[in-house]
Amino acid sequence: MKLTELLSNYSHLRLAKPSDNEAIIDFLKSTPMSFGSISVHYEFKKSIWTFLKYQGATCYVFLLINENKICGYGVFSTRDYYILGAKYQAGYLSDLRISRNAIQSAKSQWKEFMNHMFSNINQIEEFKEVTYFYAAVFEKNVRALKLFHNEKFPIIFHPLLKYQAISILGRKPILFFKPHKLSSQFILTKATNSDQPALWNFLQTQNKKKFWGEYFNPTDSDEWKRRENSWENYNINDFFVAKDHLGKIVFCTLPWSAHNSRKLVIEKISLPYLILGKIFKIIGKKELKLNSPLNNYYLTHFEMSHDLTSDQKREIFTIFLNQLYKTKFQRHYHSIIFCDYYDKALGEVLKDYMCIKTAAIIYQILPKNDQSRRIENIHDLNKQMTFEAAIV
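Its first residue numbered 1070, the sequence shown is counted upward by one per residue in this note's numbering.
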């Protein structure tokens, strides 16, 4: 069965076409996202598909339609991951939103379709290789959480783990008076072309040990090759790497932004952050203001060796942030963003920075008729998950 055959049973549902681009953008503008102090909506420089190619090898955009108007939207992207140490194809359900004034028959069809799709996923030609499914939602998104925890909903959203999206807005003044450590057992530099084999292997080792990691594998068609071909300005020379006294890579990250494809535009902002935005302008940072883009610098490929102690993690993260601020990135970006799984070592370093912490939950999606792939007891595992905030 093809996906289009399944969708043909639902009068309010269909896959998006390139000609839907402007209507989709208008719908996304009409359904902004709130992060507590700030509300934003999406703006796309070209088309939504330019951005979606960053997210997955294959992306399907579902539209809920009523009287030829979009009243619901969702994206399902698939690619390879390391899950419990082995290679699997997984699907990520993202940006699921339904207009508050969508008619009941459309909402009902959406639920019925979700149930039918996930209950028969491997019978659908496009998804026959997909084994695991997941989604993420901010804890402040009460509407989505209510849906995910509703026992009457036709599929199960099984909570896997909590994380927090950390937005570093700037350094606290006290940091300028703290003595800087003059020596370190680690050397932090930008990566060179000669670092690629070691960096690639480091990413593979790190991710394979997690219960859910990115599929990096130099001997296969992997995530490195996919990003190299699909991410704009993907360059090994922009990676930061830290090496120990033996020259072994123990830390890496690629600061990167998708703002040339998709922008987050500030729609509402609380007074304290509006004032902070004015202060930013005075001290040479990019100003926060209404109806202007929120430019974020994402720490993608963020990895610290599983063998590092907490003190070593603190040391490397401190050195990295000091080095990053020397690049004067803050003239072009409002914040640094990365995903943190409540690592106490990183939390200690962040005490010296002004941060917004947005709590979120990652869910595994399961059909009610088959829970054989349910992942349990992950908090007993030593390693966590990789979740790239830049491409969600």
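All residues carry an ideal CB built from backbone N, CA and C; glycine is no exception.
| query | result |
| --- | --- |
| Would the segment 1132–1146 and the segment 1162–1172 be scored as touching if the rule is three or more Cβ pairs under 8 Å? | yes |
| Relative to the alpha-carbon of S1103, which residue among D1089, T1261, K1337 and G1282 has its alpha-carbon at the smallest distance? | K1337 |
| Please go through the same chain and pick out, in chain order, the residues whose beta-carbon is closer than 6 Å to the beta-carbon of L1076, but skip the five residues on each side of it. | L1082 and R1083 |
| Alpha carbon to alpha carbon, how far is L1097 from R1132? Give it in angstroms, no decimals. | Reading off the sequence shown, one finds Leu at residue 1132, where the question assumed Arg. Distance between the alpha carbons of L1132 and L1097 is about 12 Å. |
| Taking 6 Å as the limit between beta carbons, can you name the residues of its chain near F1407, skipping five residues before and five after? | I1235, L1368 and F1371 |
| Taking buried to mean at least 16 other C-beta atoms within 10 Å of its own C-beta, is K1259 buried or exposed? | exposed |
| Compute the Euclidean distance between the alpha carbons of S1088 and F1320, then round it to the nearest angstrom. | 43 Å |
| Give a yes or no on whether the C-beta atoms belonging to Y1303 and K1156 are separated by under 8 Å. | no |
| According to DSSP, simplified to helix, strand and coil, what is T1387? | helix |
| Along the chain, where does the alpha helix (DSSP H) that runs through K1180 open and close? | Q1173 to S1188 |
| Of all the options V1334, K1437 and E1356, which has the alpha carbon lying nearest to the alpha carbon of I1344? | E1356 |
| Measure the Cβ-Cβ separation of F1196 and S1330 and say whether it is below 8 Å. | no |
| Would you call the CB atoms of T1455 and W1281 closer than 8 Å? | yes |
| With DSSP collapsed to three states, give me the class of Y1411. | coil |
| On the DSSP bridge list, what partners appear for R1148? | A1159 |
| Measure from the alpha carbon of V1109 to the alpha carbon of each residue in K1115, S1116, I1117 and T1100, then state which is nearest. | T1100 |
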